[in-house]
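Trainee:
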Amino acid sequence: MRAVKGKNEKLSLISSLEAKIFNKIEEDGFLEVNTMSERENFLADDLYKRDIVKKVRRDNTIGYKTFKKED
Numbered sequence: 020m021r022a023v024k025g026k027n028e029k030l031s032l033i034s035s036l037e038a039k040i041f042n043k044i045e046e047d048g049f050l051e052v053n054t055m056s057e058r059e060n061f062l063a064d065d066l067y068k069r070d071i072v073k074k075v076r077r078d079n080t081i082g083y084k085t086f087k088k089e090d
């Protein structure tokens with residue numbers, strides 16, 4: 020389990036599998052849907068539904084990004 024901040028600085032708990040996906044998105048800044056497995060896509064979509072990551076379109080591709088941290 021890991022605690023992460025999502026939309027509006029809301030703190031959420033995520034599982035270790037979800038944390039792996041979240042870390043990938045955080046490291047790369049953008050994770051394209053076409054590069055993920057079906058399982059990773061399902062987990063990322065679940066994180067999106069829980070307002071932990073956002074779904075964005077970049078140059079005709081769809082992917083996920085983390086919310087910017089407000090200082």
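With this note's numbering as the guide, the letters of the sequence shown map in order to residues 20 to 90. Yeah, the Cβ is synthetic: ideal placement off N, Cα and C, and Gly gets one too. If you're wondering where the values come from, they're calculated on a predicted model, not measured in any experiment.
Return the Cβ separation of D154 and K39 in integer angstroms, given the expectation that the two are a contact with Cβ distance under 8 Å.
Mentor: The chain is shown only over 20 to 90; residue 154 falls outside these bounds and no answer can be derived.
Trainee: Taking 8 Å as the cut-off, decide whether the C-beta atoms of L36 and I44 are in contact.
Mentor: Numbered from its first residue, the sequence shown carries residue 36 at position 17. Numbered from its first residue, the sequence shown carries residue 44 at position 25. It is not a contact, given that the beta carbons lie outside the stated cut-off.
Trainee: By the 10 Å Cβ neighbour count, where 16 or more other Cβ atoms means buried, how is F61 classified, buried or exposed?
Mentor: What you label residue 61 is simply residue 42 of the sequence shown in a count that begins at 1. Here F61 is exposed. Its C-beta has fewer than 16 other C-beta atoms within 10 Å.
Trainee: Assuming the contact rule is C-beta atoms closer than 8 Å, K73 and Y83 should be a hit. Round their C-beta distance to whole Å, please.
Mentor: Within the sequence shown, the letter at position 54 stands for residue 73. Within the sequence shown, the letter at position 64 stands for residue 83. With a Cβ gap of about 7 Å, K73 and Y83 count as contacting.
Trainee: Which first and last residues belong to the beta strand (DSSP E) in which I40 is found?
Mentor: Working through the sequence shown from its first residue, we reach residue 40 at position 21. Taken as a continuous stretch (DSSP letters only), I40 belongs to no beta strand (DSSP E), being part of the alpha helix (DSSP H) at S35 to D47.
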